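For reference, the structure is listed below as structure tokens.
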Amino acid sequence: AQSVTQPDIHITVSEGASLELRCNYSYGATPYLFWYVQSPGQGLQLLLKYFSGDTLVQGIKGFEAEFKRSQSSFNLRKPSVHWSDAAEYFCAVGAYGEYGNKLVFGAGTILRVKS
Amino acid sequence: NAGVTQTPKFQVLKTGQSMTLQCAQDMNHEYMSWYRQDPGMGLRLIHYSVGAGITDQGEVPNGYNVSRSTTEDFPLRLLSAAPSQTSVYFCASSPGLAGGPWDTQYFGPGTRLTVL
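Here it is in structure tokens:
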């Protein structure tokens, strides 16, 4: 069965510092991988996605993520965090087609940015 | 474009009552989905649709019904509300790219439902 683990419930970083949010997944085949961001009281916004090809993917707002098959990970990174990045971040793993239709979200990581 | 709209924004129900959460999108997207969000659990898929007239169950479908008579609308019906259905509900639509229903989803602002 698919599962997604985001080990960090909360992360606090200083403005201007680098950021890495961890995501580990369990799935039998190469999944569809997503990172979403949710600001308080808002819906989710897609940051980036990975299906195949180059394992380093670029997204919006200066975020990137790297797919590492050997570690079953899809960690989100940003070189320099801005105060406006404070939000909750969700990793998701999806399958569609011959491997079944399913989308599973992690429990989320709340990012706090200190000035 | 308004994107994905959801009504109402807030709702309080008593146990046993029924209601319909509305979701509409004006982007002509083929796929639509409903999720519930509970603290510490992320989002869980309730039902989804791959086109008008076609729906399927997600991870937590019990107690909910859906139908998709038009491309634009995808209402979620609570048949007999229970306190366990207290949650924030999100609707999403996607254009049906390589990743199917899950690819490049656009989310609505959510409906906060409380069942007493």
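Residue numbers (the numbering used here), protein chains in the order written: chain U, 16 to 130; chain Z, 1084 to 1199.
No residue lacks a Cβ here, since even glycine has one placed at the ideal position from N, Cα and C.
The structure presented is a predicted model; accordingly, all values stated were derived computationally and were not measured.
Residue i, DSSP secondary structure in three states
i                  : result
Gly77 of chain U   : helix
Gln21 of chain U   : coil
Gln1094 of chain Z : strand
Gln1100 of chain Z : coil
Ser67 of chain U   : coil
Gln57 of chain U   : coil
Ser29 of chain U   : strand
Ser1167 of chain Z : helix
Residue interval of the beta strand (DSSP E) (run including residue i)
i                  : result
Thr1138 of chain Z : Ile1137 to Gln1140
Glu35 of chain U   : Leu34 to Leu36
Tyr40 of chain U   : Asn39 to Ser41
Thr1197 of chain Z : Thr1194 to Val1198
Gln53 of chain U   : Tyr47 to Gln53
Leu1159 of chain Z : Leu1159 to Leu1161
Beta-carbon proximity list for residue i, same chain, < 6 Å, skipping 5 on both sides
i                  : result
Asp1156 of chain Z : Ala1107
Glu1113 of chain Z : Gly1134 and Gly1179
Gly77 of chain U   : Lys93
Gly31 of chain U   : Ser95
Pro1158 of chain Z : Thr1103 and Gln1105
Gln1094 of chain Z : Leu1196
Sequence-distant residues of the same chain with beta carbon closer than 8 Å to residue i, five excluded per side
i                  : result
Ser1152 of chain Z : Ala1135 and Gly1136
Ile26 of chain U   : Leu34, Leu36, Thr124, Ile125, Leu126 and Arg127
Asp1139 of chain Z : His1130, Tyr1131, Ser1132 and Val1133
Val28 of chain U   : Leu34, Val96, Leu126, Arg127, Val128 and Lys129
Lys1092 of chain Z : Pro1192, Gly1193, Thr1194 and Arg1195
Glu79 of chain U   : Leu63, Leu71, Val72, Gln73, Leu91, Arg92 and Lys93
Cβ neighbours of residue i in the same chain (closer than 7 Å, five flanking residues each side left out)
i                  : result
Leu118 of chain U  : Ala107 and Gly109
Thr20 of chain U   : Asn39 and Gly121
Val1198 of chain Z : Leu1096, Thr1098, Ala1164, Ala1165, Pro1166, Gln1168 and Thr1169
Ala101 of chain U  : Leu126, Arg127 and Val128
Thr1187 of chain Z : Ser1177, Pro1178 and Leu1180
Phe82 of chain U   : Leu48, Tyr65, Thr70 and Phe89
Residue(s) in a DSSP beta bridge with residue i
i                  : result
Phe120 of chain U  : U:Ala107
Ile1089 of chain Z : One detail in the question is off: residue 1089 of chain Z reads as Gln in this sequence, not Ile. Answer by DSSP bridge pairing, in chain order: Z:Cys1106.
Gly1026 of chain Z : The requested residue 1026 of chain Z does not occur in the structure, where chain Z is confined to residues 1084 to 1199.
Ala1175 of chain Z : Z:Ser1116 and Z:Phe1190
Leu126 of chain U  : U:Ile26 and U:Ala102
Minimum length 4: unbroken alpha helix (DSSP H) runs contained in the stretch 82-118 of chain U: none
Those runs of the alpha helix (DSSP H) which lie wholly inside the stretch 1117-1157 of chain Z and span at least 4 residues: none
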